[in-house]
Amino acid sequence: MKKKIIFSGIQPTGLLTIGNYIGALSQWKYLQKKYFCIYCIADLHSLTIFQEKNILNKNILDILSVCLACGINPKQSIIFIQSHVPQHSQLHWILNCFTNFGEIKRMTQFKEKIHLNKNVNVGLFNYPILMASDILLYQTNKIPVGKDQIQHIELTRDIAYRFNNIYGNIFTIPEKRLNNYGSCVMSLLDPKKKMSKSDYNNNNIISLFDDDFIIKQKINNAVTDSDYPPNIKYDLKNKPGISNMLIILSNITGHSIKNLEQNFKNKNYKDFKKSVIQNLCLFLNKLRKKYFFYRTNKILLKDIITTGATKAKKYASLTLKKVYDAIGLDSL
Ligand code: TYM
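With the numbering used here applied, the sequence shown corresponds to residues 15 to 346, in that order.
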């Protein structure tokens with residue numbers, strides 16, 4: 015039987031957080047065993063904010079190396095850079111013409127970003143349609159992402175339905191795939207908001223590149239609650255800080271939340287935080303060792319980039335041809 019297709023993407027901006035790992039990259043690795051996986055470094059998406067040329071190139075190699083360190087295997091899956099496959103931009107224009115202005119205006123990420131951004135360009139506005147193009151080009155079945163991407167995936171599905179209704183079965187209708195515990199890792203100091211790599215306050219996030227000292231400081235300062243006696247229990251509504259750290263600990267150790275609750279029964283928050291710190295340091299030190307191995311191997315990275323683009327183009331061009339044929343483009 016043909017393997018189901020998994021597609022996802024990540025922007026090469028800033029240092030990744032443990033949220034990116036738990037919400038996306040850990041799933042990416044796991045899914046490779048069973049599915050045909052295609053992963054993209056979304057450099058075109060990152061242009062909605064001005065990018066300095068050398069920094070952009072550095073960030074792309076950094077993120078590629080992180081993906082490899084997280085276990086993405088380029089012999090098993092396709093990993094490529096979005097701008098190296100021109101079909102993404104080609105389909106993007108077409109899908110722009112099948113998307114209503116009102117649909118895009120409703121996107122909450124856009125509404126949030128226009129308040130933060132001085133440079134409100136049109137790219138920021140129709141960014142979700144480029145995401146739809148990424149996904150639909152590969153006849154994707156499932157998209158492993160964090161919760162913040164759900165609305166974009168709903169839009170992708172709507173565009174695909176609309177296109178298929180007019181032209182027949184051109185696109186597979188994709189579905190989101192969320193990590194049950196970890197689809198939205200929260201900020202350390204304000205566990206009611208998402209942990210985000212663009213957070214102005216670095217103490218809200220655990221970056222994959224934080225050293226042991228910084229991790230200790232950040233987790234020790236992370237918000238818990240004033241329950242007495244202390245209660246290490248998963249309860250998102252009433253105990254968001256403790257629940258968030260349980261999610262982090264569960265995902266980096268592989269222990270279930272239930273097991274962790276059992277292990278920390280009758281323990282205090284200090285003991286719990288000590289364990290979160292120890293495990294995070296262990297996990298991130300291992301990850302960084304692998305990262306440096308890839309990041310310093312320029313020839314290997316270049317080879318992965320070239321091979322990834324060649325393979326991705328093969329699949330992307332099949333779908334684009336179907337779309338062109340259906341519409342009547344490039345047929346004279
Ligand atoms: P980006 O680069 O912002 O984030 C990459 C992935 O990390 C997830 N994520 C989180 N998950 C859980 N908790 C968090 N705190 C957290 N923060 C980030 C995101 O949900 C995402 O899965 N537009 C996308 C990139 C993209 C894409 C695509 C994704 C481009 N084309 C096609 C899927 C399919 C983005 O900006 O992700």
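All C-beta atoms in this analysis are idealised placements derived from N, C-alpha and C, irrespective of residue type, glycine included.
If you draw a straight line from the Cα of residue 33 to the Cα of residue 111, it is about 34 Å long. Comparing alpha carbon positions, the residue from 128, 70, 160 closest to residue 31 is 160. For residue 231 and residue 219, the gap between their C-alpha atoms comes out near 12 Å.
Secondary structure note for residue 28: it is in no alpha helix (DSSP H), with a DSSP letter that is neither H nor E.
DSSP assignment within the region 65-129 yields the following whole alpha helix (DSSP H) runs of 4 residues or more, N-terminal first: 67-83, 101-110, 115-119. For residue 149, the secondary structure class from DSSP, reduced to helix, strand or coil, is helix. By the neighbour-count criterion, in which 16 or more other beta carbons inside 10 Å mark a residue as buried, residue 333 falls on the buried side.
When DSSP assignments are scanned along the region 231-287, the uninterrupted stretches of alpha helix (DSSP H) that are 4 or more residues long and fall wholly within it turn out to be 254-267, 271-277. Residue 51 has its alpha-carbon roughly 8 Å from the corresponding atom of residue 90. Take the alpha-carbon of residue 296 and the one of residue 107: they are about 45 Å apart. Annotation: the region 137-194 contains the following complete segments of the beta strand (DSSP E) (minimum length 3 residues), in chain order: 156-158, 189-191. In this structure, residue 51 has its CB at a distance of at least 7 Å from all heavy atoms of ligand 1. The region 268-281 and the region 49-64 do not touch, with fewer than 3 CB-CB distances between them shorter than 8 Å. As the crow flies, the alpha-carbon of residue 154 is around 45 Å from that of residue 241. CA-to-CA, the gap between residue 228 and residue 237 works out to about 16 Å. Scanning 40, 18, 72, 45 for the CA closest to the CA of residue 316 turns up 72.
Apart from the 5 residues on each side of it in sequence, residue 59 sits with its Cβ closer than 8 Å to the Cβ of 23, 25, 96, 141, 144, 145 in its chain, given in chain order. Here the alpha carbons of residue 323 and residue 183 stand approximately 26 Å from one another. Residue state for residue 329 is assigned as helix, using DSSP reduced to three classes.
Under the 10 Å beta carbon count, residue 306 is surrounded by fewer than 16 other beta carbons and is classified as exposed. Beta-carbon to beta-carbon, residue 99 and residue 340 are separated by about 20 Å, too far to satisfy the 8 Å threshold. A direct Cα-Cα distance of roughly 56 Å separates residue 336 from residue 288.
A residue is called buried once 16 or more other Cβ atoms fall within 10 Å of its Cβ, and residue 212, having fewer, is exposed. For the pair residue 196 and residue 36, the CB atoms are nearer than the 8 Å cut-off. Residue 284 and residue 268 have their C-alpha atoms spaced approximately 21 Å apart. Closest option to residue 330, judged by alpha-carbon separation, among 217, 64, 149: 149. If the five residues before and after residue 41 are omitted, its C-beta is found closer than 6 Å to the C-beta atoms of 158, 193, all from its own chain and listed in chain order. Going by DSSP, residue 44 is part of the alpha helix (DSSP H) stretching over 40-45.
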